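Residues 1 to 82, numbered by the UniProt record's numbering, are exactly what the sequence shown covers, in order. Positions of the beta carbon are idealized from the N, C-alpha and C atoms, including for glycine. These numbers were taken from a predicted model, which means no experiment stands behind them. Heads up: the structure comes next, in structure tokens.
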Amino acid sequence: MDIRKPFRRVVSAAGTDPDEVVRHTLRHTAITHLVQAGVDLPTVKRISEHKTLIMVERYAHQNGEHIKTAMDKLEDRHRKMR
Numbered sequence: 001m002d003i004r005k006p007f008r009r010v011v012s013a014a015g016t017d018p019d020e021v022v023r024h025t026l027r028h029t030a031i032t033h034l035v036q037a038g039v040d041l042p043t044v045k046r047i048s049e050h051k052t053l054i055m056v057e058r059y060a061h062q063n064g065e066h067i068k069t070a071m072d073k074l075e076d077r078h079r080k081m082r
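See below:
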């Protein structure tokens, strides 16, 4: 089934440009939301069906809060060890 025409119609009906909003845009947005929600990258890899973890790591920058949380845990552990 070819979904290009129906997809373009839906994108147009939503008031966006079907030349800018492509099917890959939806995939990218979904993966970005998973990463921002704190889903671990190996799980995102399985969901997105990327072939390598390196491909998924391109989305890791989307979750600065996740990195901050990890660094806070490291700092807390360091304080407890003193």
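Under the Cβ criterion (8 Å, minimum of three pairs), the region 36-48 counts as touching the region 58-78.
For residue 82, there is no enclosing alpha helix (DSSP H), as DSSP marks it with neither H nor E. For the options 33, 11, 18, the alpha carbon positioned closest to that of residue 60 is the one of 33. Annotation for residue 5: the continuous alpha helix (DSSP H) segment containing it runs 4-13. Two segments are said to touch when three or more pairs of C-beta atoms, one from each, lie closer than 8 Å; by this definition the region 47-61 touches the region 16-32.
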